[in-house]
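Under UniProt numbering, the first residue of the sequence shown is numbered 1, with each subsequent residue one higher.
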Amino acid sequence: MEPDPKSGYVLSSLAEVVERILGFLPTKTLLRAACVCQLWRECSRRILRTQQSITWISALEPDRSNSHVLVHVLAEDIEKVQVLPQTVLYIISDAVKLSENSNVSGNKKARRRYSKEIAAALEKLLPRRCQVIGLVTPGLVATPKGSGSHRPMEVEEAEAGFALLFPKIDGVKIQTFHFSKDPKKQTMDEGQFAEADLKSDPDLRAMLLFGYNNWKSGSSRFFRQIVNRLNEKSIILAGGYVDSINSLTFDTPPVESWGVVGLAFSGAQIQCASVLLEQDVKNEKLAEAAMQRLKAANIPEHHTLAFMFACVGRGYLFYENKPNVEADIFRKYFPNVPLFGFFGHGEIGCDRIVTGNFVLRECHETKDNLLHSYTTVVVLLHLGSAKGNQA
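Here it is in structure tokens:
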């Protein structure tokens, strides 16, 4: 059967038709299609500029493969997403479980080596030029893939993971940073602050901070120095201590060092708020009161993400064996906002609202107390109006 010459003319000449058709393709397929001809390349570029929705891939079910469950799920789902990631944050819960008769130090080394294998497998699936932060934590919080209205899950004792894929978003700058401390040096390297160029950014609105090797002597003091310096600006600071850095895009720090990695969000259109569930928030009624404070901040819920950083000592045991308490309460007040985070070894945050030039702090001191234990910090991060389909 001979091909219809009219269809060939349409697909090689009419940009509106070509763009409409190519718009249905996943991004990886779209990039391949862009190689066909100049018209398809131009149409593909225009489509990519409109794909500004936040996308995520979650792996919350056990897997029988030898690698981590997130590797298997990401390999399948990255082929289907309609976004070109510029920045990726992925978190995996412990991939190696300690047996009762095993040597503890030996298993720590095995876990760390296995984590780097996972990092290599995961980051091989991502675009080469994107910024990547990978973390290992004792447990995590994630919304199942597909829709922000799905019930977020607190995973405390199973292998799980998620990857947040941030495309290039008009009016928003997302930057990774890494501050590390060499114990052989007496003072902090001021060049790291200058290189990160964070304090001079007038549109900086929020920073997620993740400390590592907090069991090292001196790490808490260094972490406090970092937080206090950044807290001089009227921004949201939130995060916590993790087991380890997992990303290969950062220089592997010496075993004896400690530090902080994170994400900085800048842009005049960004609005954000955070709330602290303190140690005495031990029942659902008190947890709801905290979520009501967050709701009262009136942060737009379209094109918005939420983060939850909880102490590993909370979770279902903290709430008398009732699972998923805080994640479910969050969903009650924010049913369409996807929630992500982890259970860690210390938390960063306070009650604070940042919307444009308006800043509200709970505390009246120059610097709030941001470092906590046995608490939960919840953050809303609105990145402005999105082009393309809402995640």
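Beta carbons: idealized from backbone N, C-alpha and C, even for Gly. Bear in mind that the values here come from a model prediction, so they are computed numbers and not experimental data.
Three-state secondary structure assigned by DSSP to residue i
i: residue 175; result: strand
i: residue 200; result: coil
i: residue 217; result: coil
i: residue 54; result: coil
i: residue 350; result: coil
i: residue 133; result: strand
i: residue 14; result: coil
i: residue 374; result: coil
i: residue 93; result: strand
i: residue 42; result: helix
i: residue 24; result: coil
i: residue 19; result: helix
i: residue 271; result: strand
i: residue 241; result: strand
i: residue 299; result: coil
i: residue 29; result: helix
i: residue 285; result: helix
i: residue 314; result: coil
i: residue 266; result: strand
i: residue 382; result: strand
i: residue 330; result: helix
i: residue 205; result: strand
i: residue 235; result: coil
i: residue 147; result: coil
i: residue 115; result: helix
Cα-Cα separation, residue i to residue j
i: residue 165; j: residue 77; result: 12 Å
i: residue 407; j: residue 21; result: There is no way to answer for residue 407, as the model of the chain reaches only from 1 to 391.
i: residue 328; j: residue 298; result: 20 Å
i: residue 377; j: residue 207; result: 13 Å
i: residue 240; j: residue 51; result: 31 Å
i: residue 175; j: residue 288; result: 33 Å
i: residue 331; j: residue 14; result: 45 Å
i: residue 138; j: residue 158; result: 9 Å
i: residue 216; j: residue 258; result: 7 Å
i: residue 326; j: residue 342; result: 12 Å
i: residue 118; j: residue 128; result: 16 Å
i: residue 375; j: residue 167; result: 31 Å
i: residue 160; j: residue 222; result: 30 Å
i: residue 319; j: residue 286; result: 12 Å
i: residue 205; j: residue 352; result: 11 Å
i: residue 262; j: residue 23; result: 33 Å
i: residue 323; j: residue 235; result: 32 Å
i: residue 68; j: residue 264; result: 28 Å
i: residue 33; j: residue 73; result: 24 Å
i: residue 203; j: residue 274; result: 18 Å
i: residue 64; j: residue 293; result: 42 Å
Exposure label - residue i; buried when at least 16 CB within 10 Å
i: residue 172; result: buried
i: residue 17; result: exposed
i: residue 283; result: exposed
i: residue 93; result: buried
i: residue 135; result: buried
i: residue 43; result: buried
i: residue 179; result: buried
i: residue 162; result: buried
i: residue 213; result: buried
i: residue 124; result: exposed
i: residue 48; result: buried
i: residue 156; result: buried
i: residue 62; result: exposed
Check: residue i C-beta below 6 Å from any heavy atom of the ligand GDP
i: residue 375; result: Only the bare structure without any ligand can be found here, which leaves the ligand GDP out of the picture.
Residues near residue i in its chain [Cβ-Cβ closer than 8 Å; skip 5 each side]
i: residue 37; result: 12
i: residue 130; result: 85, 86, 87, 88
i: residue 370; result: 227, 231, 237, 348, 349, 350
Same chain, Cβ closer than 7 Å to residue i, neighbours up to 5 away in sequence not counted
i: residue 336; result: 148, 149, 301
i: residue 81; result: 26, 27, 55, 165
i: residue 312; result: 138, 139, 343, 344, 345
i: residue 71; result: 118, 121, 122
Residues near residue i in its chain [Cβ-Cβ closer than 6 Å; skip 5 each side]
i: residue 31; result: none
i: residue 363; result: Legend: pLDDT at residue 363 = 46, less than 50; position of this residue unreliable, value from coordinates given subsequently. Counting only Cβ-Cβ distances below 6 Å, and skipping sequence neighbours, we find nothing.
i: residue 372; result: 347
i: residue 271; result: 299, 355, 382
i: residue 306; result: 337, 339, 380
i: residue 201; result: 266
i: residue 333; result: 291, 295
i: residue 19; result: 43
Of the listed residues the options, nearest to residue i (C-alpha basis)
i: residue 380; options: 303, 70, 320, 68; result: 303
i: residue 181; options: 61, 224, 44, 142; result: 224
i: residue 281; options: 267, 260, 310, 201; result: 310
i: residue 90; options: 41, 155, 19, 133; result: 133
i: residue 142; options: 268, 57, 41, 315; result: 57
i: residue 269; options: 384, 144, 45; result: 384
i: residue 246; options: 218, 29, 210; result: 210
i: residue 45; options: 220, 83, 121, 156; result: 83
i: residue 116; options: 314, 170, 278, 244; result: 244
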